[in-house]
Amino acid sequence: MNDKLSVGTTQSRTITVDADRTIDFMGEDCRVYATPSLVRDIEHTCRDLIVENVPEGQDSVGVIVSIAHTAPTLLGMAVTVGVTVTELEGRKIAFEFTAKDALDTICKGRHERFIVDVDKTQDRLRQKAAKWQGG
Numbered sequence: 242m243n244d245k246l247s248v249g250t251t252q253s254r255t256i257t258v259d260a261d262r263t264i265d266f267m268g269e270d271c272r273v274y275a276t277p278s279l280v281r282d283i284e285h286t287c288r289d290l291i292v293e294n295v296p297e298g299q300d301s302v303g304v305i306v307s308i309a310h311t312a313p314t315l316l317g318m319a320v321t322v323g324v325t326v327t328e329l330e331g332r333k334i335a336f337e338f339t340a341k342d343a344l345d346t347i348c349k350g351r352h353e354r355f356i357v358d359v360d361k362t363q364d365r366l367r368q369k370a371a372k373w374q375g376g
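What follows is the structure, given as structure tokens:
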């Protein structure tokens, strides 16, 4: 791991909630930021912070997400996701996060990721695929 990544390191990203990020099952008047889309945006923010601070050839995978999504965000609103590194333990990195729109804090939570070597991960996945396909 790179020395630039330490407890307290932060990153934020602002996202505009587009139609693809919203629920559609309650009709057009009820399109709000979908929790799975919010989680994806949080994970990408955490991953980007890690990738910027580890050697080339390393990346990360998410392993735990705990989220309280407490307020709706309307289609077209901007959301700022803020993440902070709270733990570094070997290859495990833990984050606390919040997301806010112009009116509310819409969520808080915790996310854990593991740093992986991309080449080793690809090899493991190829081996699993071969087993799955019977070979």
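In the working numbering, the protein residues as written are 242 to 376.
We treat Cβ as the ideally placed atom computed from N, Cα and C, and that holds for glycine.
Kindly indicate which residue of A309, P296, K341, L316 has the alpha-carbon position closest to the one of V357.
-> P296
Go ahead and pull the three-state DSSP assignment for S247.
-> coil
Give the DSSP-derived three-state secondary structure of Q252 in the structure shown.
-> The DSSP-derived three-state label of Q252 is strand.
Cβ of R367 within 8 Å of Cβ of S307?
-> no
Skipping 5 residues on each side, what residues in its chain have a beta carbon closer than 6 Å to that of K349?
-> A309, T339
To the nearest angstrom, report how far apart Q363 and V292 are at their CA atoms.
-> Going from the Cα of Q363 to the Cα of V292 covers about 17 Å.
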